[in-house]
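In this note's numbering, the protein residues as written are 300 to 419.
Glycine included, C-beta positions come from ideal geometry on N, C-alpha and C.
Only one structure is covered here, and it is reproduced in the block below.
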Amino acid sequence: MFNYYTTIEDVRTVIRDNPLVFLYIGQPNCSVCHSLKPQLERLLAEFQDDIMFVELDAMATPEVASEYQVMAVPALLLFYEGHEYLRKARIVNTGELYESVKKVVAGVRSLDETKGGKTD
């Protein structure tokens, strides 16, 4: 579900080129990351047609900390039209996250219907 990227430049391009992007920033040595990521994949799978899911390793790409002001991992960022709309970090209430993402997706779908088509 998550598309793995290794450079900030590639992630910037994805965020620029896709209306909704969910950025997951983790580390291989993070126990919370190992526990949370599979939960996110199950929880957010229904939004795969609406959201581009991106993963970035904070250890392999250390500039991620300054680019996205990440102080703790896992960090979860949702972008809408290139702008950060939602941020969660470290200990995440998955129920609240799901409801927040669901509202954003519903809002974007509503806007798309108003415009008369789906955003590509």
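Cβ shell of residue i (< 8 Å), same chain only, five flanking positions each side left out
i	result
Cys-329	Val-372, Pro-373
Proximity of residue i and residue j at Cβ, strictly below 9 Å
i	j	result
Tyr-397	Glu-354	no
Ala-359	Met-370	no
Leu-385	Ser-399	yes
Ile-307	Glu-362	yes
First through last residue of the beta strand (DSSP E) which encompasses residue i
i	result
Glu-354	351-356
Glu-412	Unbroken run through Glu-412 is the alpha helix (DSSP H), 393-414; no beta strand (DSSP E).
Cutoff 7 Å; reference residue i; Cβ partners in own chain excluding five residues on either side
i	result
Glu-383	Leu-376
Neighbour flag for residue i against chain D, beta carbons, 9 Å
i	result
Leu-335	This model lacks chain D altogether; it includes just one protein chain.
Residue(s) in a DSSP beta bridge with residue i
i	result
Ala-374	Ile-324, Ala-388
Glu-383	Phe-378
Tyr-304	Leu-355
Residue interval of the alpha helix (DSSP H) (run including residue i)
i	result
Ala-359	Here Ala-359 belongs to no alpha helix (DSSP H), and DSSP marks it neither H nor E.
Val-331	330-343
Minimum C-alpha distance to residue i - residue among the options
i	options	result
Ile-390	Met-300, Ser-334, Asp-349	Ser-334
Spatial neighbours of residue i in its chain, beta-carbon cut-off 6 Å, leaving aside the 5 residues before and after
i	result
Gly-415	none
Ile-350	Leu-319, Phe-321
Thr-454	There is no way to answer for residue 454, as the model of the chain reaches only from 300 to 419.
Ala-357	Ile-324, Gln-326, Val-363, Val-372
Phe-352	Met-300, Phe-301, Phe-321
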